[in-house]
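Sequential numbering from -14 applies to the sequence shown in the numbering used here. Each residue gets a CB set at the ideal place from its N, CA and C atoms; glycine is no exception. Small disclaimer: the values here were computed from a predicted structure and weren't measured.
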Amino acid sequence: MKIIDGYAVTDIVSYYQATPKLRLNLDVKKIFDRVYDESAFNLYAYLGESRTVQLGISYTF
C-alpha cells in the first residue's frame, strides 16, 4: 500500500474587462510546478499535471 503525502497547489486566475462586451482572461494553474502524486493504486502512483497557462478572449453580442 502506498501512502500519499499531503500537497497543495496554487492557481492564479485573472481577467481584464477591456470594453463592456470584451473580456480577456489569463489563468495559470500550478504556478510553483512541483512534482506530486495525485493518486495511487496498489504500487503505482499517478503524477499530478504540470503547470498550465491558458489565455482566453470572450465577446458578448
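Name the one or two DSSP bridge partners that residue i has.
{"i": "D22", "result": "L32"}
{"i": "Y(-8)", "result": "BP columns for Y(-8) are empty, so no partner."}
{"i": "I(-3)", "result": "V13"}
{"i": "T37", "result": "K14"}
Which residues in the same chain have their Cβ closer than 6 Å to the Cβ of residue i, if we skip the five residues on either side of it in sequence?
{"i": "K15", "result": "V(-6) and R36"}
{"i": "T1", "result": "Looking at the sequence shown, residue 1 is not Thr but Tyr. Once the five neighbours on either side are set aside, the close Cβ partners of Y1 are L9."}
Only counting the same chain, and skipping five residues up and downstream in sequence, which positions put a Cβ closer than 8 Å to that of residue i?
{"i": "S(-1)", "result": "N10, L11 and D12"}
Looking only at its chain, what residues have a beta carbon closer than 7 Å to the beta carbon of residue i, apart from the 5 residues adjacent to it on each side?
{"i": "V20", "result": "L32"}
Less than 8 Å between the CB atoms is what I'm expecting for residue i and residue j, so what's the real figure, rounded?
{"i": "D22", "j": "A30", "result": "4 Å"}
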